[in-house]
Structure formats: structure tokens, C-alpha cells
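**Student:**
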Amino acid sequence: MAKLTFSIGGIHPADSKLAKDCKIEVLPLPDKVYVSMAQHLGAPAKPVVAVGDSVKAGQILAEPGGFISAYVHSPVSGTVKSIGPRKDLAGFNQTHIEIDVQGDEWAEGIDLSPELVTALPEDTAFILDRIKMNGVVGLGGATFPTHVKLSPPPGKKADCLILNGAECEPFLTSDYRILLESTDEIVVGAAIMQKVLGGCPCVIGIEENKPEAIKAVKASVARLAYPGIRVETLRKRYPQGGEKQLIDAVMHRQVRSGGLPIDVGAVVQNVATSLAVYEAVQKNKPLVTNVLTITGDCIAPERQHNYFFRIGMPLSFIAEQAGGVPEGAVKLISGGPMMGKAIANLDAATVKGSSSILYLGESTRRGQQGPCIRCGRCADACPMGLEPFLLKRLWAAGDASALEANAVQDCIECGCCQYSCPANIPLLDNIRMAKAQVMGIIRARNAKK
Amino acid sequence: MTNTIIWTVAILTVLGLVLSLVLFWVARKFRVEEDPRIDEIEKTLPGANCGGCGFAGCRAFADAAVKAGNLDANYCPVGGNEVMAKVAAILGCEVKEAAPMVAVVRCNGSCANRPRVNVYEGEQSCRVKATLYSGDTLCSFGCLGCGDCVAACAFGAIAMDAQTGLPVVDQDKCTACGKCASACPKNIIEVRPKGPRGMREYVSCVNKDKGPAARKACSAACIGCGICVKTCTHQAITLADNVAWIDPAKCKLCRECEALCPTGAIHGVNFPKPLDKEGIKQRIEARKAKAAAEVAKKEENNG
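As you go down the protein sequences, you meet chains A and B in turn.
Each residue of the first sequence is one higher than the one before, starting from 794 at the first, in my numbering.
Each residue of the second sequence is one higher than the one before, starting from 149 at the first, in my numbering.
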């Protein structure tokens, strides 16, 4: 069958999946964990525990601070030491709950057994409640609360659930490993989400560079025999895992400017989210663990790992477990090399969406910036059909209405423009600012209406 | 041939005359009556269109002043009292004299005080850098050093010091329009009164972290210890969010806070003599001893 892909733009970075054969290991528990209240998109969560309280793993620490927000649970058992500001990944203060770890005792009602539960619950309200109460958020990068995404607004119906197993970012292997090691759980998770969305078909999209994963998932889908689930092979191309790109690739539909995937009948969820949904619904286990890759181009192969981590573990603790920061690393990134965030503070705590610690060497330094020669490579690479060179100029000129007319608000911040620029111009840095400004203007205008 | 030329010239001449009459008529008919004082005031103003007064430009300022008929809501910080007196004369009203102001950079984070912990390779703009992360030092409140304030200044009054990596305000050129203060994403620059003969006292730090964290990030940070608040006999200093602030209206420039600040976060500028720390400390001790003696005396009298 033809391999699917999106229609415009995109780039082909070397895939560098160096840690793909490292089995997922379980990390020991640190002495202290720091659970951030802002680890999902939307309003920060509000703490419901007090200093001195003893908590069990899986117990609710904080409740949603708004409609778009999520529950946060304790990843460990122990005593709440303090609640206060602590520096996050980017070095800004965020409210964290500090817990002194004592033992590893889980709250009641959580099924920790490894048996696969394939029978789906009948009641969709029950499923959504479990997803909400267990703090499940999208683990593909945006950490959008999953129960909100699985409840389409009235009048909209999902035609297709797309499970994103593309993992198009170079280096990252956490999704690949769970596709191999928790295949059945992911497929059951997909069936649960299908049920919530009214029994629409489900497509699991996996890029062609993961043949073992495709084989394993196909076998699992055939064995579990849920109706309407199929696996599609996607061409290797970045940003294949972008929501709008994946909808284009799988359903050949385009989300209009300013629209949501549900407008074209699509709901996209990451495979890691599917696993979290399975655990939340079938095992009543809150989202307090995830898989993180330690990799990079300047770290020895034996020091590369895939780890099951508990949220709140400091990144520095995980880095120590893997032998510390390697010599020659000039960049530390959390997430993939394309869209990940620079780690300004290695003592920052891991959050639900943490997916990697990436060490990049000297060769990845940004080169000398030159003038724009209007070669148009950025416009060719843009998967949203924008003209990044123009947007940067308009931003410099401060022309917000022209920026909006040129659809800066459609930018998905994938970084293809900056990657393809021969003059090393930091296009995305500028476009991101312009996008934030224009989005602010649009929101203010909508609020007025 | 000759005919063509004659006709062309004739038609164009007639057309020109007719259209000029139309223009003359339109100009008469639709003439906008404007107060001549607006033009006069605009000519008096510095003409930098900097927006420091809160209006879109000098003409908008003049327009608003004439419409209001007084200068209660208008003050041109660039022109200062001199220009405002002229404007008041044109309008025939009173103007309140305002203390001359100056932009003050409240950050001590020079390369020596505040070690760099990472290298920033992105766009050289504070505005962009501030959205990406907290900066290349451990202080998430201090100067980012990309010079957005320098670019914003229309008067060439701010320049980056290559040695310290911090912006320096030329107080003679600074007109206190406030452009730099609004360009700074970290709100480090504050427009403060220039003070008598330029003498002023201010806390040169905005770090809201708790003491140990602030100290770790920068050796000259305000650590929120509150010694200055306790020392000040004029109640001029307030402490909020672990950072002190000196109220220029209450400060009497005694420099006691500056002498006692353990990190040197408080700066005094344009004083004729260098700070005599020991002398001031002795003065404070003497005052305390006197106060204690008075208390003891009172108790004696009462007892």
C-alpha cells in the first residue's frame, strides 16, 4: 500500500534514533520529588494538600484551576515538605509541591497488576470521568487535557480517531519503545477512545522507519479484534506528527485557518496518551509515570537509555542515573531537537509531558547569521504554506494586520523554516513572537463579539 | 502639426484654469477651522514624537492641551519645565512644575557579579529572549543584555557597556520619556526623579527570589534582608516580594541604607563625596545609643 504523508512542505532530517534498541528501565526513587502545578496546557492546578500531610502515590495533590486544566497526582508516597515557587525548565518560578519520599505505597483502588484488561466499560461518562480524575493530558507535546479533547462540542462529530505513532522528531524513541513494549495496552486505549467518540474508526499512523513497531501493532490489532482499528504506514518526513499534518496524511482533509481538528471530524491522540488512557480507565491508575529517552549525538551508546520516570523527579537526578552530563555536550534539550525546549535549569522537575534529555555536541551550534537572500527555502519547507521570511520582516516592521493577513496565527512552530535557512536566520524566534501578538489581538476581538 | 500643438496647449490651459477654480472653491468651502494655538504649541514642543507624554505625538499633545484649555493632564517630560512654561504662556494658564526625571537601570548583574551559566544563540532581542527562558544567568529577573532599551531610545541616551553587559543611561541626554522602560520585558528600568543636583538613591535590583537564591544568582542582588527598611528613619523604604524599593518622595539622601546594605544593591549617584561607610555606621550607632539612653532615662523617671 502507498505510504501516506502530508501534502506541502516538510523536511527530512537524519532520524538518529540511537536509543531505539534500549529497553525501558525503571528508575529508582529519589529522596525528594517536586511536582509542578503547571504541567498541562491551560490554568495551573490548585493544591489541595497542605504542608505536613502524608500522601500516597496516586493520591490527588491538586485540582484543576479552570475548565482547561487537569488534576495532578502524587507520584510517590511520603510527606509534603513545602508548597512554593521553584524554578522550572526555562528558569521561571512555578508553584511546586515538594514531597519527601518514604517507601512506595500506592493509594487504594489502583490496580498495579500487569494483566491486560480487554473488556471495555459500557458507560462513556464513566470513561471520561476516569480520564479526567486521573489527570490524563496529551503526551504528544502540547499536554492538552485529554477529557476536553475527547468531548467534541455539541453539533460536531468525530469521523476518525487518529493515533499518532509517527514520532517524527529525530532522536526520540520513547513512543517507539512503548509501541513495542505496551502494544496491547495502546490498542485497548485506542478502543476506549473510539468508544467515547461514538464508535468512529481508528487509524494508528506509524512512520516507515519503525518496521518492528508496525508489525507488532498490526499483530496486536488482529489479535484483540476490536472493530474499525487499522494501522497505516506513514512516509518518514518531519513534521508528520503535527496534528494538522497527520489529518492531511491520513484523511486527506485540511483544517481551515483558525479551525480545530474536530471541524473536519478528526481527533488526534498520541500513542503515549493512549497508554495513559488505558491505565486510567482499566487500571484506575493516574498519570504519574511516563517514558523518557536519554540520548544525543555526543553520548556513548551504552549511556543511552529509555526510562520509566515518575513525574516530579529532577532532571538532574535522571541524568545522574545515566552517568551525568557527557563531555562535549553544548546543548541540553528537553524534547526533540526540532521542537524541544532548551534546559536552562537541569534541577527542574520532570512533568507529565517530559519526553527526553537530549545532549547535542559542538556541531549543532548555530552558525554565523547572514542576510536573507530571498532563496525561498523556508517557504518551501513550511508545512502550513506560510512565507516565514516575509513574516519575520513584517514582525520587524511591527505590522500586526499584515501579519494576520499572512496567517502567522497558523504557524505550528515546527521549526522547518529555521532548519532550512542557509543564512542561519532565527526565523521561528521572531515568528513565535508575532504569532503570540496576533493571537492576542484575535482573542481580544473575539471576546468583544 | 501646428494645429495640434495649439489645440493641446489651449485645452490644457483651459483645463488647468477650470480645475484651479474648483480647487480654490473646495479649499474655501471645506476649510477646517483649527485653533492657531495648536500649531504654535506644536512648534514649541521638542518635536521628537516620542510618546513620553502619553499622547500619540507632539501634535496630539498640543491638540489635547488646547481642547482641555489647561495643562492638568499634559506634561512633556522631554521639554521639561522650560518648554511647559512656554506652552502655558500660549494657553494663558498655569502649569505645575514637575521635578525633572531620569531613567534608572535597576540591575547590578554585571558579568563579574552575575556569572553566566549558559550561552544564548537565538535572536538578539530581549523581547524574544524573555519569552524563551529566564536568561543566561541564574537570575530570572535581571537584565538580558540584548539592548532593546538602546534601540528604543530616540535620544541616544542609553548605551550598552561592553564591560558589564548592562545598559548605561546618559543622564544629560535622557529626557525621561519612558520608552526604554516600556521596551524592557523585565521592567528593570524605572523613571525616577533626578533629585537635587542629580543626587539620588535607589535599589539597583528587581530580583524577587528569596535571599539565598538571589545571592547565588548574583553577588550584588537585593536579598530582601530588610536592614535598609529598619535603618531608614524617614520610612522611605518598603520591602515587597523580597525586594526593597526607595520612595524618592520620602528619601532624604542620608545614605544610611547604602552604607549598611550587605550586598551593595543600593546605589547613590552624583554625591559630591564618596560614601563614608564607617562614618555613617558610627553615626547610626551614636543615634541608637542616644535613643537607648533616653529610653533608660524615661524608665528611671517613671520608676
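Every residue, glycine too, gets a C-beta built ideally from N, C-alpha and C.
All values derive from a computational prediction rather than experimental measurement.
Since A/Asp-893 is in the beta strand (DSSP E), which residue starts that stretch and which ends it?
**Tutor:** Taken as a continuous stretch (DSSP letters only), the beta strand (DSSP E) holding A/Asp-893 covers 886-894.
**Student:** Please confirm whether B/Tyr-350 has its beta-carbon closer than 8 Å to some beta-carbon of chain A.
**Tutor:** No, because no Cβ of chain A sits closer than 8 Å to the Cβ of B/Tyr-350.
**Student:** Are any of the Cβ atoms in chain B nearer than 8 Å to that of A/Met-1226?
**Tutor:** Taking Cβ atoms only, chain B reaches closer than 8 Å to A/Met-1226, which makes this a yes.
**Student:** Please state whether DSSP places B/Val-464 in a helix, a strand or coil.
**Tutor:** Limits of chain B in this structure are 149 at one end and 451 at the other, which puts residue 464 of chain B out of reach.
**Student:** For A/Ile-853, which of A/Val-826, A/Pro-1079, A/Pro-946 has the nearest alpha-carbon?
**Tutor:** Checking every option, the nearest Cα to that of A/Ile-853 belongs to A/Pro-1079.
**Student:** Checking 8 Å against the spacing of the C-beta atoms, do B/Val-231 and B/Thr-192 come in under that value?
**Tutor:** Closer than 8 Å, so yes.
**Student:** For the structure I just gave you, are there three or more beta carbon pairs, one from the segment 342-349 of chain B and one from the segment 407-418 of chain B, closer than 8 Å?
**Tutor:** At 8 Å Cβ cutoff, the stretches touch.
**Student:** Taking the straight line between their C-alpha atoms, what separation do you get for B/Phe-172 and B/Leu-165?
**Tutor:** Near 10 Å, if we compare the C-alpha coordinates of B/Leu-165 and B/Phe-172.
**Student:** When the distance is taken between beta carbons, is A/Arg-1159 closer than 8 Å to A/Val-1123?
**Tutor:** Not a contact, by the Cβ cut-off of 8 Å.
**Student:** Taking the straight line between their C-alpha atoms, what separation do you get for B/Ala-329 and B/Ala-251?
**Tutor:** Cα to Cα, B/Ala-329 sits roughly 8 Å from B/Ala-251.
**Student:** Select from A/Lys-880, A/Ala-838, A/Gly-851 the residue whose C-alpha is nearest the C-alpha of A/Ser-862.
**Tutor:** Taking only the C-alpha atoms, the option nearest A/Ser-862 is A/Ala-838.
**Student:** Can you tell me whether DSSP reads A/Gln-1062 as helix, strand or coil?
**Tutor:** It is a strand residue.
**Student:** For B/Asn-266, return the contacting residues in chain A, with the cut-off set at a CB-CB distance below 7 Å.
**Tutor:** Those within 7 Å of B/Asn-266 in chain A are Ala-1137.
**Student:** Work out the CA separation of B/Arg-176 and B/Thr-161 for me, nearest whole Å.
**Tutor:** The alpha-carbon atoms of B/Thr-161 and B/Arg-176 are separated by roughly 23 Å.
**Student:** Please confirm if the segment 953-963 of chain A is in contact with the segment 984-1002 of chain A, defined as three or more CB-CB distances below 8 Å between the two stretches.
**Tutor:** Contact between the segment 953-963 of chain A and the segment 984-1002 of chain A is present, because at least three Cβ pairs lie under 8 Å.
**Student:** Please report the straight-line C-alpha distance between A/Tyr-1071 and A/Val-1048, rounded to a whole angstrom.
**Tutor:** So the two alpha carbons sit approximately 28 Å from each other.
**Student:** Check whether the segment 1097-1111 of chain A touches the segment 898-916 of chain A, taking contact to mean three or more Cβ pairs, one atom from each stretch, closer than 8 Å.
**Tutor:** Verdict: no, contact absent.
**Student:** Since A/Asp-808 meets chain B, which of its residues come closer than 8 Å, beta carbon to beta carbon?
**Tutor:** Here the premise fails: no neighbours, minimum Cβ distance about 24 Å.
**Student:** Between the Cα of B/Phe-203 and those of B/Gly-326, B/Glu-447, B/Met-249, B/Met-308, spot the shortest distance and give me the residue it belongs to.
**Tutor:** Selected option, being the one with the closest Cα: B/Gly-326.
**Student:** Enumerate in chain order the residues of its own chain whose CB-to-CB distance from B/Glu-188 is below 6 Å, with the five nearest sequence positions on each side excluded.
**Tutor:** Excluding residues within five positions, the ones whose Cβ falls inside 6 Å are Ile-238.
**Student:** Which runs of the beta strand (DSSP E) at least 3 residues long sit entirely within the segment 356-400 of chain B? Give them in chain order.
**Tutor:** Entirely contained in the segment 356-400 of chain B, the beta strand (DSSP E) runs reaching 3 residues are, in chain order, 385-388, 391-394.
**Student:** Here's the rule I'm using: 16 or more other beta-carbon atoms within 10 Å means buried, otherwise exposed. How should A/Arg-879 be labelled?
**Tutor:** So A/Arg-879 ends up on the buried side.
**Student:** For B/Trp-155, does the count of other Cβ atoms within 10 angstroms reach 16, so buried, or fall short, so exposed?
**Tutor:** B/Trp-155 is exposed by the Cβ-count criterion.
**Student:** Please classify A/Gly-1169 as buried or exposed, where buried requires at least 16 neighbouring CB atoms within 10 angstroms.
**Tutor:** The residue is exposed, with fewer than 16 neighbouring Cβ atoms inside 10 Å.
**Student:** With DSSP as the reference, label A/Lys-880 as helix, strand or coil.
**Tutor:** DSSP places A/Lys-880 in strand when its eight states are reduced to three.
**Student:** Report yes if the C-beta distance between A/Ser-1067 and A/Ile-1007 is below 8 Å; otherwise report no.
**Tutor:** Their beta carbons are not under 8 Å apart, which means A/Ser-1067 does not touch A/Ile-1007 by this criterion.
**Student:** Ends of the alpha helix (DSSP H) at A/Arg-1158?
**Tutor:** Where A/Arg-1158 is concerned, there is no enclosing alpha helix (DSSP H), given that its DSSP letter is neither H nor E.
**Student:** Please state whether DSSP places A/Ile-997 in a helix, a strand or coil.
**Tutor:** Of the three classes helix, strand and coil, the one that applies to A/Ile-997 here is strand, per DSSP.
**Student:** DSSP three-state call for B/Met-347: helix, strand or coil?
**Tutor:** Residue state, collapsed to three classes: coil.
**Student:** Counting only beta-carbon separations shorter than 8 Å, does A/Gly-760 have a partner in chain B?
**Tutor:** With chain A running from 794 to 1242 in the structure shown, residue 760 of chain A is simply not present.
**Student:** Using the DSSP secondary-structure output, state which residues sit across from B/Pro-341 in a beta bridge.
**Tutor:** DSSP output for B/Pro-341 lists B/Met-249 as bridge partner(s).
**Student:** Between B/Lys-356 and B/Asn-390, which are expected to be in contact by the criterion C-beta below 8 Å, what is the C-beta distance as a whole number of angstroms?
**Tutor:** About 5 Å separates the two Cβ atoms, so the contact holds.
**Student:** Measure the alpha-carbon distance for A/Leu-905 versus A/Leu-1125 and round it to whole angstroms.
**Tutor:** Using only the alpha carbons, I get a separation of about 34 Å.
**Student:** Give, in chain order, every residue of the segment 249-275 of chain B whose Cβ lies closer than 7 Å to some Cβ of chain A.
**Tutor:** Of all residues in the segment 249-275 of chain B, Asn-266, Glu-269, Gly-270, Glu-271, Arg-275 have a Cβ within less than 7 Å of some Cβ in chain A.
**Student:** In the DSSP assignment, find the alpha helix (DSSP H) that holds A/Phe-1101 and state where it starts and stops.
**Tutor:** That residue, A/Phe-1101, is in no alpha helix (DSSP H); its beta strand (DSSP E) goes 1098-1103.
**Student:** Is it the case that the CB of B/Cys-332 approaches a heavy atom of the ligand HEM more closely than 7 Å?
**Tutor:** For the structure depicted, the ligand HEM is absent and the ligand set is empty, with no information on it obtainable.
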